[in-house]
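These notes concern the structure reproduced below.
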Amino acid sequence: MGLPKNTYDVIVIGGGASGMMAAVVAGKRGKRVLLIEKNKRLGEKIRISGGGRCNILNTEEDTRKFLSNFGEADKFLFSPFAQFGVKETREFFESNGLPLMEEEHNRAFPKSESAEDVVHFFEKLLREYKVEVRKNIEVHELVKRSGRITRVRAGMHEFAAESIVLATGGVSHPETGSSGEGFEWLKKLGHDVQEPKPTVVPLKVEEKWIRNMSGNSLPDAKITFALGKERKFSVRGRILFTHFGLSGPTILNSAAKVQDLLHEGLVWAHIDIFPDIDLGALDVKVQEIFEANKNKNVRNVFKELLPPGTADVLAKRFPHIDEEIKVHSVTKEQRKGIVEFLKNVPLVISGLMEADRAVIADGGVPLSEIDTKTMKSKVIKNLFITGDLFNITRPTGGYSFQLCWTSGYVAGMNV
Ligand SMILES: Cc1cc2nc3c(=O)[nH]c(=O)nc-3n(C[C@H](O)[C@H](O)[C@H](O)COP(=O)(O)OP(=O)(O)OC[C@H]3O[C@@H](n4cnc5c(N)ncnc54)[C@H](O)[C@@H]3O)c2cc1C
Numbered sequence: 011m012g013l014p015k016n017t018y019d020v021i022v023i024g025g026g027a028s029g030m031m032a033a034v035v036a037g038k039r040g041k042r043v044l045l046i047e048k049n050k051r052l053g054e055k056i057r058i059s060g061g062g063r064c065n066i067l068n069t070e071e072d073t074r075k076f077l078s079n080f081g082e083a084d085k086f087l088f089s090p091f092a093q094f095g096v097k098e099t100r101e102f103f104e105s106n107g108l109p110l111m112e113e114e115h116n117r118a119f120p121k122s123e124s125a126e127d128v129v130h131f132f133e134k135l136l137r138e139y140k141v142e143v144r145k146n147i148e149v150h151e152l153v154k155r156s157g158r159i160t161r162v163r164a165g166m167h168e169f170a171a172e173s174i175v176l177a178t179g180g181v182s183h184p185e186t187g188s189s190g191e192g193f194e195w196l197k198k199l200g201h202d203v204q205e206p207k208p209t210v211v212p213l214k215v216e217e218k219w220i221r222n223m224s225g226n227s228l229p230d231a232k233i234t235f236a237l238g239k240e241r242k243f244s245v246r247g248r249i250l251f252t253h254f255g256l257s258g259p260t261i262l263n264s265a266a267k268v269q270d271l272l273h274e275g276l277v278w279a280h281i282d283i284f285p286d287i288d289l290g291a292l293d294v295k296v297q298e299i300f301e302a303n304k305n306k307n308v309r310n311v312f313k314e315l316l317p318p319g320t321a322d323v324l325a326k327r328f329p330h331i332d333e334e335i336k337v338h339s340v341t342k343e344q345r346k347g348i349v350e351f352l353k354n355v356p357l358v359i360s361g362l363m364e365a366d367r368a369v370i371a372d373g374g375v376p377l378s379e380i381d382t383k384t385m386k387s388k389v390i391k392n393l394f395i396t397g398d399l400f401n402i403t404r405p406t407g408g409y410s411f412q413l414c415w416t417s418g419y420v421a422g423m424n425v
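Here the working numbering is used: the first residue of the sequence shown is 11, the next is one more, and so on.
Structure below.
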């Protein structure tokens, strides 16, 4: 005999990465599954991920090494990763028709380089496993009785199920639908939810001129963070300029350490645009270019040396020199000043962007309150929790989605 209307084996709340995974896996097991998503489309955050390319996972297959990126959460994650780790995830995508490719730092993307394709991939499987998908309806209440969720209320509708998977995401980029209500429900249900705090997030800088380079980047620069005059740590990689300051993976992954420095005092960022050569070698390079372009003005000459979109702006900041001056009029001291500037563009860090601009915000349910063999809550008997709802520190590079695939899979297998 079938189940009564609006009654299911499983209700998954949230049609993002981890929710779709859980729904597909439960559907494949023959469960009658309802997936509820408040947006008109599934997977809005997937669509904007990885700059529209979706860094779908990190290919590090050594689980110990992989989990060393998850801070203190690592010990709780061995069990779910033993069930569905990186290797299994890769096979899952590729054997179901989404070929992947790998780039530096073990980052994997769909071969098509289209994040949309990841959403289409899940839509196809949801159809195949007969998951009922209801979009454009928002869950507003989970009703608890005798330690279980007995009803899910969404607008005018009421649904019931044996198991509930909560996959409503965290608080980053709320325009994608993850606006934090999951945290509020979990608090009310008795979980100890840590306040969300952005950890992987762009940096704001004091200098207003930086916004003139917004959208442009330095492909391989070194950035040294200093507390006053004391140099604290350096990182190297692509630096992206935004309207408010700095972004790109190197910056995002430095944000938590910069946050700590900001508690202690004034934080400087010193950007070295040519980290592979020293001052002397860069001076020789500039002299050669000056020699070949004596009658050009300084600004135009630096278009040969600096990435597009940055030369004009940086030339305006060269110390003691007018950008329109002809190269033949530049004195040796002025040239040396330019070279020193290119090896050390100083900026004052005024803070971190807010949680809404974060790629990852810490906060959420501690894994100690979850049975991580099943992803079931230890507080509510029939509630499973996945993805960004957990309080887990992690860097960029495909680690977040992997956590969604693994937790979604394990929840889907245990509902
Ligand atoms: C700009 C950006 C780029 C990123 N790029 C990458 C990347 O390349 N690689 C990587 O590994 N990670 C990346 N991340 C992180 C990754 O996107 C998240 O970790 C992941 O999407 C979290 O998935 P989730 O299933 O937990 O929640 P989400 O994807 O946030 O999905 C939650 C869903 O629940 C729905 N929902 C919420 N409340 C309700 C409600 N009341 N009723 C019904 N539905 C509801 C939401 O609308 C949403 O669709 C990026 C994040 C951002 C912000």
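Beta carbons: idealized from backbone N, C-alpha and C, even for Gly.
DSSP three-state call for V43: helix, strand or coil?
strand
Check the C-beta distance from G374 over to F91 and give it rounded, since I have them as a contact under 8 Å.
19 Å between Cβ atoms; not a contact.
With a threshold of 8 Å on Cβ separation, who are the neighbours of S244 within its own chain once the five nearest residues in sequence on each side are excluded?
K232, I233, T234 and F235
Assuming V211 contacts R367 under a Cβ cut-off of 8 Å, what Cβ separation, rounded to an integer in Å, is found between them?
6 Å
Can the beta-carbon of A265 be found less than 8 Å from the beta-carbon of Y18?
no
Every unbroken alpha helix (DSSP H) within the segment 145 to 227, with a cutoff of 4 residues, ordered by chain
191 to 198
What is the DSSP secondary structure of V389, reduced to helix, strand or coil?
coil
Which residues DSSP lists as bridging L3, in chain order
Residue 3 is absent from the structure shown; the chain starts at 11 and stops at 425.
Look at the Cβ atom of F300, then the Cβ atom of V349, and state whether they are nearer than 8 Å.
no
By DSSP, does P229 sit in helix, in strand, or in coil?
strand
Quick one: complete alpha helix (DSSP H) runs, 4+ long, within the segment 237 to 282?
259 to 262 and 265 to 274
Touch check for the segment 349 to 364 and the segment 376 to 391: three-plus C-beta pairs under 8 Å?
no
Name the one or two DSSP bridge partners that D372 has.
K207
Quick one: is the Cβ of T69 within less than 7 Å of any heavy atom of ligand 1?
no
Would you mind working out which of R221, K50 and Q297 sits nearest G347, comparing C-alpha positions?
Q297
Cβ-heavy atom distance, A27 to ligand 1, below 7 Å
yes
If we call anything under 8 Å between Cβ atoms a contact, is I359 one with Q344?
no
Per DSSP, cross-strand counterpart(s) of D381
K386
Below-8 Å beta-carbon distance, G192 vs any chain C residue
Note that chain C does not occur in the displayed structure, where there is just one protein chain.
Count Cβ pairs between the segment 45 to 62 and the segment 127 to 145 that sit closer than 8 Å; are there 3 or more?
yes
State buried or exposed for I159, treating a residue as buried only when at least 16 other CB atoms are found within 10 Å of its CB.
buried
Tell me whether A321, by its Cβ, gets closer than 7 Å to a heavy atom of ligand 1.
no
Pick from I21, E70, D398 and G165: whose alpha carbon is nearest that of R117?
E70
What do you get for E240, buried or exposed, if any count of 16 or more other CB atoms within 10 angstroms of its CB means buried?
exposed
Whole-angstrom distance between K41 and L13, CA atom to CA atom
11 Å
Nearest-angstrom Cα distance between E126 and I56?
7 Å
DSSP-derived helix/strand/coil call for E142:
strand
Inter-residue Cα distance where the pair is K306 and H338:
8 Å
Quick check on this structure: which residue in E151, E138, T186 and S122 has the alpha carbon closest to the alpha carbon of G53?
T186
What residues in its chain sit with their C-beta under 7 Å from that of G157, if we drop five residues either side in the sequence?
I390 and K391
Can at least three beta-carbon pairs, one atom from the segment 15 to 29 and one from the segment 400 to 407, be found at a separation below 8 Å?
no
Measuring only from the beta carbon, is E47 closer than 7 Å to any heavy atom that is part of ligand 1?
yes
My guess is that T99 and Q412 are in contact by the Cβ rule of under 8 Å, so how many angstroms apart are they, rounded?
6 Å
Pick from T320, W219 and E114: whose alpha carbon is nearest that of L357?
W219
Buried or exposed, going by whether 16 or more other CB atoms sit within 10 Å of the CB of N106?
exposed
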